[in-house]
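What follows is a set of notes on a single structure, which appears directly below.
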Amino acid sequence: MIENINKLTRTSRSLVQELGREPTAEEIGEHMDLPASKVRKIMKIAQAPVSLETPVGEEEDSHLGDFIEDKNSPSPIDEVISANLREQTGNVLRSLSPREELVLRMRFGVGEGSEHTLEEVGKSFNVTRERIRQIESKALRKLRHPDWAQKLRPFLDDGA
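Using this note's numbering, the first residue of the sequence shown is number 5, and each one after it goes up by one.
This is the structure:
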């Protein structure tokens, strides 16, 4: 049907240029080798809006809207991967001291929503930013240990 609608549109535009006016269904039908009634039917279908609730298939148990992808929502596999990554990240961070865990969470925005500067984290712990840098450095060094690194390695894009 889409091909017929496109062909009708092209033919109609061509005739508008040729005739200098909108062509009749009969004129379009002559050029397309179709009866005028069929041309009118195609024109009506081309103009009528289609509901996303329109039944589809022989049993009409699904709707047109079921087949339209929502580009804004993540795929189910991406949701599962994200959930697993959050879980593994939480497990790895819980292996640190509570202070180290909180410093890393604040610095990198893990579960916080936004990253914080050394200064901001230092103020919340009542220590200098240099001390926060030291705590962060020590915690990251611990996380680089192969036992912990291998838990997060599968989530890297390159699998390295």
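Note that the Cβ used here is the ideal one computed from N, Cα and C, for glycine as well.
Helix, strand or coil at residue i [DSSP, three-state]
i, result
"Pro158", "helix"
"Ser67", "According to the sequence as given, residue 67 is His; it is not Ser. Reduced to three states, the DSSP call for His67 is strand."
"Val131", "coil"
"Val54", "coil"
"Pro1", "Because residue 1 is not part of the residues shown, which for the chain are 5 to 164, the question remains open."
"Arg148", "coil"
"Gly126", "helix"
"Lys48", "helix"
"Gly163", "Only weak support is given to the placement of Gly163: the predicted model assigns it a pLDDT of 46, under 50, and the value that follows is read from those uncertain coordinates. Coil, per DSSP."
Whole-Å CB distance - residue i paired with residue j, under 8 Å assumed
i, j, result
"Ile6", "Ile46", "At roughly 11 Å, the Cβ-Cβ gap does not stay under 8 Å, so Ile6 and Ile46 are not in contact."
"Arg133", "Leu147", "About 21 Å separates the two Cβ atoms, so there is no contact after all."
Within 9 Å, strictly: CB atoms of residue i and residue j
i, j, result
"Met110", "Val125", "yes"
"Pro27", "Leu38", "no"
"Ala40", "Leu12", "no"
"Ala29", "Arg44", "yes"
Cutoff 7 Å; reference residue i; Cβ partners in own chain excluding five residues on either side
i, result
"His67", "Leu56, Glu57, Thr58, Pro59, Val60"
"Glu119", "Arg111, Phe112, Gly113"
Beta-carbon proximity list for residue i, same chain, < 6 Å, skipping 5 on both sides
i, result
"Thr15", "Ile32, His35, Met36"
"Gly94", "none"
Contacting residues, own chain, Cβ-Cβ under 8 Å from residue i (five flanking each side not counted)
i, result
"Ala153", "Leu147"
"Leu100", "Leu108, Ala143, Lys146, Leu147"
"Ala164", "Bear in mind that a pLDDT of 45 at Ala164, under 50, signals an unreliable position, so the number given afterwards is only what the model happens to contain. Within the same chain, Ala164 has close Cβ partners Arg157."
"Leu116", "The displayed chain sequence assigns Glu, not Leu, to residue 116. Once the five neighbours on either side are set aside, the close Cβ partners of Glu116 are Arg109, Met110."
*Between the region 92 to 107 and the region 137 to 151, do at least 3 Cβ pairs fall closer than 8 Å?*
Yes: the two stretches touch, three or more of their Cβ pairs being nearer than 8 Å.
*Any chance the region 77 to 97 sits against the region 153 to 161, with 3 or more Cβ pairs inside 8 Å?*
Counting Cβ pairs under 8 Å, three or more are found: they touch.
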